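Read in order, the letters of the sequence shown correspond to residues 1 to 331 in the UniProt record's numbering. Where is the CB? At the ideal position from N, CA and C, for every residue including glycine. Please read all numbers here as calculations on a predicted model, not as lab measurements.
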Amino acid sequence: MSGDFATDDEAARWHYRPPHPVRLNPLFQWPIRLRAVWDWYRGAWLMITAVTVPLAFALVVWAVFLPPLESMKTFQAGWMLRVWLLNVIPQTLVAGGLHWWLYMRKGQGMQKKFDKRDLTRKNGVFTFDNQVLDNIWWTLGSAMTVATVYQWLIFWIMANGWVPVITFGDAPVFFLIWMALIPMWSGLHFYWVHRLEHHPKLYRHVHAVHHRNVNVGPWSGISNHWYENMFYFTTYFVHLVVPSNPLHLMFHVYFQQLSPVFSHCGFEKLIAKDSEIAKSGDFFHQLHHRYFECNYGTSEIPFDKWFGTFHDGSAAGTERTRAHKKQMYTR
Ligand SMILES: [Zn+2]
Ligand SMILES: [Zn+2]
Numbered sequence: 001m002s003g004d005f006a007t008d009d010e011a012a013r014w015h016y017r018p019p020h021p022v023r024l025n026p027l028f029q030w031p032i033r034l035r036a037v038w039d040w041y042r043g044a045w046l047m048i049t050a051v052t053v054p055l056a057f058a059l060v061v062w063a064v065f066l067p068p069l070e071s072m073k074t075f076q077a078g079w080m081l082r083v084w085l086l087n088v089i090p091q092t093l094v095a096g097g098l099h100w101w102l103y104m105r106k107g108q109g110m111q112k113k114f115d116k117r118d119l120t121r122k123n124g125v126f127t128f129d130n131q132v133l134d135n136i137w138w139t140l141g142s143a144m145t146v147a148t149v150y151q152w153l154i155f156w157i158m159a160n161g162w163v164p165v166i167t168f169g170d171a172p173v174f175f176l177i178w179m180a181l182i183p184m185w186s187g188l189h190f191y192w193v194h195r196l197e198h199h200p201k202l203y204r205h206v207h208a209v210h211h212r213n214v215n216v217g218p219w220s221g222i223s224n225h226w227y228e229n230m231f232y233f234t235t236y237f238v239h240l241v242v243p244s245n246p247l248h249l250m251f252h253v254y255f256q257q258l259s260p261v262f263s264h265c266g267f268e269k270l271i272a273k274d275s276e277i278a279k280s281g282d283f284f285h286q287l288h289h290r291y292f293e294c295n296y297g298t299s300e301i302p303f304d305k306w307f308g309t310f311h312d313g314s315a316a317g318t319e320r321t322r323a324h325k326k327q328m329y330t331r
């Protein structure tokens with residue numbers, strides 16, 4: 001093992017590994033470096049990313065397609081079907097679009113692709129013996145169903161006035177701050193749910209479905225077992241506690257459902273005509289899929305650093321993870 005990141009043993013295990021150790025949100029580093037914090041948030045909110053694509057979907061859907069709350073006071077097929085379509089169509093467009101560009105058309109070849117391998121076919125580990133079909137089924141069948149049912153419940157409760165619903169006019173500052181905090185809340189919720197799922201018993205029966213994907217693709221993002229989806233989407237119920245507008249819920253929905261498409265797409269950046277058009281993949285989570293017992297959270301809140309499960313992409317990180325895994329399974 002070499003201590004030098006640029007030349008350590010880990011480099012050879014990837015087709016492309018980012019040239020620096022994985023970075024975490026500098027907001028949680030002391031002393032605080034304002035410039036680094038600014039760059040971190042500018043990188044997330046002012047470019048085409050796993051944050052701004054969901055935000056754009058949420059704004060358009062909320063302004064144009066979402067049925068008015070008044071119509072959701074009773075369970076009726078019309079609005080319920082529409083909410084389901086507002087889940088399924090964006091998911092298919094984004095995951096299908098990225099899959100087409102990266103893996104069918106191979107629009108950027110191997111540029112910025114983490115794993116050397118292509119997605120798997122004819123492999124009995126997967127439903128239908130095919131990784132992509134397996135992932136499409138668990139996404140559109142399982143995840144979209146659970147997510148939609150939770151949204152029906154929340155909209156119905158909001159529409160009946162059983163929880164406070166706010167508008168931008170009521171509290172503009174709170175409205176915007178709450179929008180900005182949603183990714184952080186989602187990351188916090190995800191970390192704890194995800195850790196629970198790595199309990200050996202739950203892992204074997206439930207979370208293993210997601211981890212069939214060691215080499216991930218866009219459709220792997222929320223390719224989860226039914227039980228996992230039932231935990232994973234409970235994050236939406238925060239809107240029954242924190243006063244929200246349907247726009248908050250829709251941003252949360254698309255963040256929760258679309259950002260994993262990017263973080264699992266397997267490529268660090270999207271490139272068209274030789275220029276980078278978007279940040280996409282997430283080496284932080286790519287490492288989780290290869291080494292399992294590390295990087296349970298996201299880089300937004302550094303829980304993994306605090307609890308000693310952070311893998312920064314170096315050979316030393318792999319050794320630490322292997323030691324942790326051994327200890328987990330021999331207790
Ligand atoms: Zn996991
Ligand atoms: Zn994953």
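Asked	Found
For Leu59 and Trp162, the rounded distance between their alpha carbons	25 angstroms
Cβ distance (whole Å) where Met110 is taken to contact Lys279 below 8 angstroms	No, Met110 and Lys279 are not in contact; Cβ-Cβ is about 18 angstroms, not under 8 angstroms.
Phe292: CB within 8 angstroms of a non-hydrogen atom of ligand 1	yes
Where Glu300 falls, given that 16 or more other Cβ within 10 Å makes a residue buried	buried
Three-state secondary structure (DSSP) of Leu287	helix
Any heavy atom of ligand 2 within less than 6 angstroms of residue CB: hits in chain order	His210, His264, His285 and His289
Bridge partner(s) assigned by DSSP for Phe267	Lys113
Phe251 and Met179 closer than 9 angstroms at C-beta	yes
Beta-carbon spacing of Asp115, Gln256 below 9 angstroms	no
Test item: CB-CB of Lys305 and Leu24 under 9 angstroms	yes
Contacting residues, own chain, Cβ-Cβ under 8 angstroms from Pro200 (five flanking each side not counted)	Met328 and Tyr329
Residues sharing a beta bridge with Ser244, DSSP	Val165
Cβ-based neighbour list, Met1, same chain, cut-off 8 angstroms, excluding 5 preceding and 5 following	The pLDDT assigned to Met1 is 45, lower than 50, so where the model puts this residue is not dependable, and the model offers no usable value.
DSSP-derived helix/strand/coil call for Glu293	coil
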